[in-house]
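First the structure, in the form of structure tokens, and then the observations on it.
Protein chains: 2
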Amino acid sequence: MPRKSDAHERMVRSAATLLREHGAGATSIDRVLAHSGAPRGSVYHHFPGGRTQLIEEAVALAGDFVAGLIEAAARTGDPSVAIDKFVSLWRKWLADSDFTAGCPIVAVTVANDDSVRLAGGVFGRWTDGLAAAFGAHGLPDARARRLAMFVIAAVEGAVIMCRAERSIEPLDAATEEIHELLVHALRT
Amino acid sequence: MPRKSDAHERMVRSAATLLREHGAGATSIDRVLAHSGAPRGSVYHHFPGGRTQLIEEAVALAGDFVAGLIEAAARTGDPSVAIDKFVSLWRKWLADSDFTAGCPIVAVTVANDDSVRLAGGVFGRWTDGLAAAFGAHGLPDARARRLAMFVIAAVEGAVIMCRAERSIEPLDAATEEIHELLVHALRT
DNA sequence: GTCTATACGAAGATAGAC
DNA sequence: GTCTATCTTCGTATAGAC
Chain A
6 MPRKSDAHER MVRSAATLLR EHGAGATSID RVLAHSGAPR GSVYHHFPGG
56 RTQLIEEAVA LAGDFVAGLI EAAARTGDPS VAIDKFVSLW RKWLADSDFT
106 AGCPIVAVTV ANDDSVRLAG GVFGRWTDGL AAAFGAHGLP DARARRLAMF
156 VIAAVEGAVI MCRAERSIEP LDAATEEIHE LLVHALRT
Chain B
6 MPRKSDAHER MVRSAATLLR EHGAGATSID RVLAHSGAPR GSVYHHFPGG
56 RTQLIEEAVA LAGDFVAGLI EAAARTGDPS VAIDKFVSLW RKWLADSDFT
106 AGCPIVAVTV ANDDSVRLAG GVFGRWTDGL AAAFGAHGLP DARARRLAMF
156 VIAAVEGAVI MCRAERSIEP LDAATEEIHE LLVHALRT
């Protein structure tokens, strides 16, 4: 009885990892196979859409994972908690990878991969989740949305700078300045 | 007499363009040749270091261009001017490319290209330039640096989201929230 | 500086056997 | 579901002629 954790799932997870560490251009079927240990012969059985489908599933998986985290934290009604969860995730991934891994959604976006189509939806969902937390705190819808978008952009940008500089400083700077901004924005 | 605008320079410029539009993985010698119209035969005459050297020169060119812009604006002593120049540049590039072009430094960073080594230095120079403007305005060194880093991260992140969502909204949101933050930070 | 030819490897995708 | 060809295209790099 084939468990759920079969070759298909292992390949999607490996694709997400390669996306994060080496970008879309380097995420080839060959490398996913080597990384996941999945068998060559069944690639087009599991992914009839070939490489495109594989990348798209990896984007969806990563997008859902982060969205779930944001949405769960947003339900506490405290925007600071949601932001902290989001930032902590990147902090952990950067540390675990020694500053070589970033965001898979960013990877497909800057490479203009076929799956950029999905990237907009993922960022949109993250934005909606965070905006809901700001809204619950009493901010007007327009400001809540603007702030949510801004926080996500700032953190994503900081993660890239952390990789380039091989230092956590940019993410620390972003965390502090976001906090500073929220002190004023959330003042009731 | 071979002018300065010869095959070498055209290739570097084309490489930067391809980096911005299709990422590091898709910036191959073949594509640079096709895009620049430069002759095949002299590639390794102009670039003894091959593809690696070509990409590195493109990163350096783009990095210097933006740094020069920031540094010139910073000399006015008004941080808002420097930020406006920086944001306007991205706004124009996004519009001109119909949201398909981003930052070449980001491209080599997320692809973990050999030239990531240069990316940290480029971001560092941009940060120093903007921090100088904040310092001239009277902010303490630590805060000036933190704010400079944050602004660059936020704008770079917003540009990526603009590409994914094919909309200028994320950059508009970033511009407004950065302004909001500066209203408090630059209060004398 | 620029040309052609060539070697070599990696990658996506398909076909047909088991 | 998995295997082994196989085809084709693309990419880097070198050699040697002009």
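Each protein sequence line maps, in turn, to chains A and B.
Here the first sequence is numbered in the numbering used here, starting from 6 and rising by one per residue.
Here the second sequence is numbered in the numbering used here, starting from 6 and rising by one per residue.
Quick reminder that beta carbons are idealized off the backbone N, C-alpha and C, glycines included.
In this text the structure is predicted, and so the values were computed from the model without any measurement.
Exposure of residue i, with buried meaning 16 or more beta-carbon neighbours within 10 Å
| i | result |
| --- | --- |
| A:V37 | buried |
| A:R45 | exposed |
| A:P53 | exposed |
| A:F70 | exposed |
| A:T132 | buried |
| A:G55 | exposed |
| A:G82 | exposed |
| A:M6 | Residue placement at A:M6 is poorly supported in this model, since its pLDDT is 42, which falls under 50; the coordinates still yield a value, given next. So A:M6 ends up on the exposed side. |
| A:A77 | exposed |
| A:P84 | buried |
| B:V188 | exposed |
| B:G42 | exposed |
| A:P109 | buried |
| A:D101 | exposed |
| B:D146 | exposed |
| B:D1 | Outside the displayed range of chain B (6 to 193) lies residue 1 of chain B, so it cannot be described from this structure. |
| A:T57 | exposed |
| B:T32 | buried |
| B:H184 | exposed |
Residue j beta carbon less than 9 Å from that of residue i
| i | j | result |
| --- | --- | --- |
| A:T180 | A:V111 | no |
| A:L74 | A:L99 | no |
| A:H40 | A:A12 | no |
| B:R18 | B:L59 | no |
| A:A158 | B:P175 | yes |
| B:G134 | B:A153 | yes |
| B:R148 | B:A87 | no |
| A:E182 | B:L123 | no |
| B:S120 | B:V48 | no |
| B:R80 | B:I173 | no |
| B:F128 | A:E170 | yes |
| A:G68 | A:R15 | no |
| B:G30 | A:G143 | no |
Alpha helix (DSSP H) segment containing residue i, residue limits
| i | result |
| --- | --- |
| A:R130 | V121 to A141 |
| A:S41 | I34 to S41 |
| A:C167 | D146 to E170 |
| A:I110 | P109 to V115 |
| A:P175 | E174 to A190 |
| B:A21 | A12 to H27 |
Proximity test, residue i beta-carbon vs the ligand MN heavy atom, cut-off 8 Å
| i | result |
| --- | --- |
| B:E185 | You won't find the ligand MN in this model; it holds no ligand whatsoever. |
Nearest-angstrom Cβ-Cβ length linking residue i and residue j, presumed shorter than 8 Å
| i | j | result |
| --- | --- | --- |
| B:R151 | A:A21 | Not a contact, Cβ separation roughly 32 Å. |
| B:T114 | A:R168 | 5 Å |
| B:A116 | A:G107 | Not a contact, Cβ separation roughly 10 Å. |
| A:V160 | B:G140 | The pair is not a contact, with the Cβ atoms about 25 Å apart (cut-off 8 Å). |
4 or more residues per run - each alpha helix (DSSP H) lying fully within the region 49–92 of chain B:
55–79
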